[in-house]
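Worksheet: one structure, shown below.
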Amino acid sequence: MHGVTDETYYIETYGCQMNDHDSEKMAELLEGLGLTAVSSEEEAEVIVINTCSIREKAEHKVYSALGKLKSLKARNPRVVAVVAGCVAQQEKDKLLKRVSQLDAVLGTHRISELPELVQRIRTTGERLCVTDFRTNTESLHIPAPHRGRCAVCSFVTIMQGCSNFCAYCVVPHTRGPEQSRPADEILREVRALVDKGVKEVTLLGQNVNAYGKDLVGKNIFPELLRRLDRIDGLERIRFTTSHPRDFHEDLALAMGNLESVCEHIHLPLQSGSNNVLSAMRRGYASEAYLEKIALLRERVPGTAVTADIIVGFPGETDEDFEMTISALETIRYDQIFSFKFSRRPGTAARRLPDQVPDEVKVERLARVHAIQEAITREYHEAARGTEEEILIEGFRPGTSQPFGRTRTNKIVNLDSGNNVRQGDIVPVWITRGLKHSLMGTTQVVESANEGPCRRPR
Ligand code: 5AD
Ligand code: SF4
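The sequence shown begins at 288 in my numbering and counts up by one.
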């Protein structure tokens, strides 16, 4: 590659795991051009801001990052600034008009074109907007980059986009329709990662349990899991996100039967009220959701369940909200991510009457937090004295304290004295449950109540 070698780059990422993974791919592509990563935008000659627009707050953060470009460019006129991700897709060339320091806007289906874009800007000085959707999954064909959260875990995108059009959500607008990647291609990518030492993959998609619908007319996600499970050396498979409507017994059975598939599902409920679920266009009722959770817990004993909750969707009454509270108390999630409803451009809910005042949303969110915090704490405290299998992901920066994750996706910090290496899969005994994580040890400890160890829940 010519013209841009010996330069440096910095990628600032906002939003979800999908964006984290897109940033990894863009890093891989820029390194293919000969660029070197630096740890701040002040030192970089190519700056990519990978944006999120799922909620207004995320979008605001992007505009403050863009505000900094002026001084960065004044300091170094060679700086090339690119905006990628969902705000890029949503705003397109409006961003170029609004931010005069910006050189390019790169759409969510076009990230593989980043190297050409940078080179073209360097040679012609043009300002570019590349945001048309692709009608295939070509944009996902970036060769097995691996720079995940640790050397032994990696993301693998199995589908892009979403065709659900939940009333509140920008994703179908910013990432296009649901498109699954061919299974053979996914398998090739995972094998290549395992050859490089990866032990755990997280399969990514907005609605992974609809995988294959667009390819063969039916969900074949459990079949994909079965094929991946047969890969030698792949120890753990995770996946996110699942849609309750497309969750069926075949997936519960695959989770229960396949050794490498971890016992955790992220199954966003969004609301416990059927009126709200229907206004959200979620395609399930809360009773059906509860039945699915019961089935899952029966087929996959000890599984962790997490969810997303939105409070203050337009028209959500106090009674509706109480149904969400009662769902949280009944289901007892391991953890949840909860959000105040945010009006997003182009979505149906933006125009709905009966928008809920912000102070009500704030109050409701606080109640949801308090209830879930207590439940998570109870789970963590009850984990004390149990045995868990953890995959060592690394060491806390600047210390010799190892940490890893249980199969149920809980972070466990080990005592510094534990003799483990990154990538080891070891049994540990949980010694303490904290608010967000667990403490553990590889040495046998006597549990206060039940002998050396108990099996996990
Ligand atoms: N307002 C609030 N939360 C939202 N989410 C998606 N769109 C919105 C919105 N407009 C939440 C949903 C989804 C998660 C990724 O973000 O809970 O599951
Ligand atoms: Fe958004 Fe609904 Fe698609 Fe999830 S399923 S990405 S919430 S539209």
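Heads up, the beta-carbon is just placed ideally off N, CA and C, and yes, glycines get one too.
Pull every residue with its beta-carbon under 6 Å away from any heavy atom of the ligand SF4, and keep them in chain order. Cys449, Asn451, Phe452, Cys453, Cys456, Val458, Pro459, Gln493, Asn494, His530
Using 8 Å for Cβ pairs, my map puts Pro601 next to Val643. What's the rounded Cβ distance? 7 Å
Could you check if Glu294 is buried or exposed, using at least 16 other CB atoms within 10 Å of its CB as the buried criterion? buried
Going by the DSSP bridge assignment, what does Ser441 pair with across the sheet? Val488
Secondary structure of Lys381, DSSP reduced to three states: helix
Can you list, in chain order, the residues of its chain whose CB lies under 6 Å from that of Cys549, leaving out five sequence neighbours each side? Contacts found: Arg523, Arg525, Arg694.
Is it buried or exposed for Leu411, if we count other Cβ within 10 angstroms and need 16 for buried? The residue you asked about is not Leu; residue 411 is Thr in the sequence shown. Burial call: exposed.
Could I get the ranges of all uninterrupted beta strand (DSSP E) runs contained in the region 482-555, with 3 residues as the minimum, in chain order? 487-491, 523-527, 551-553
Locate the beta strand (DSSP E) running through Leu404, then write down its first and last residues. Where Leu404 is concerned, there is no enclosing beta strand (DSSP E), although the alpha helix (DSSP H) it sits in stretches over 401-411.
Where does Ile341 fall in DSSP's three states? coil
Report back the beta-carbon spacing between Leu389 and Val370 to the nearest angstrom; my notes put them in contact at under 8 Å. 6 Å
Under three-state DSSP, which class holds Cys373? helix
Which residue or residues does DSSP assign as beta-bridge partners of Val323? First, the residue type needs correcting, since residue 323 is Thr and not Val in the sequence shown. Answer is Thr295, bridged to Thr323.
When burial is assigned at 16 or more other CB atoms within 10 Å of the CB, is His675 buried or exposed? Note on identity: in this sequence residue 675 is Glu, with His being the wrong assignment. When all chains shown are included, Glu675 counts as buried.
Look at the alpha carbon of Leu515 and the alpha carbon of Tyr350, and state the distance between them as a whole number of angstroms. Distance between the alpha carbons of Leu515 and Tyr350 is about 41 Å.
Alpha carbon of Glu330 to alpha carbon of Phe420, nearest angstrom: 32 Å
Buried or exposed for His553, please, with buried defined as at least 16 other CB atoms from any protein chain shown within 10 angstroms of its CB. It counts as buried.
Run the proximity test for Pro555: is its beta-carbon closer than 7 Å to any non-hydrogen atom belonging to the ligand 5AD? Indeed, a heavy atom of the ligand 5AD lies less than 7 Å from the Cβ.
In the DSSP assignment, the beta strand (DSSP E) including Lys360 goes from what residue to what residue? That residue, Lys360, is in no beta strand (DSSP E); its alpha helix (DSSP H) goes 356-362.
Should Phe626 be listed as close to the ligand 5AD, given that the test is whether its C-beta is under 7 Å from any heavy atom? Result yes, Cβ under 7 Å from the ligand 5AD.
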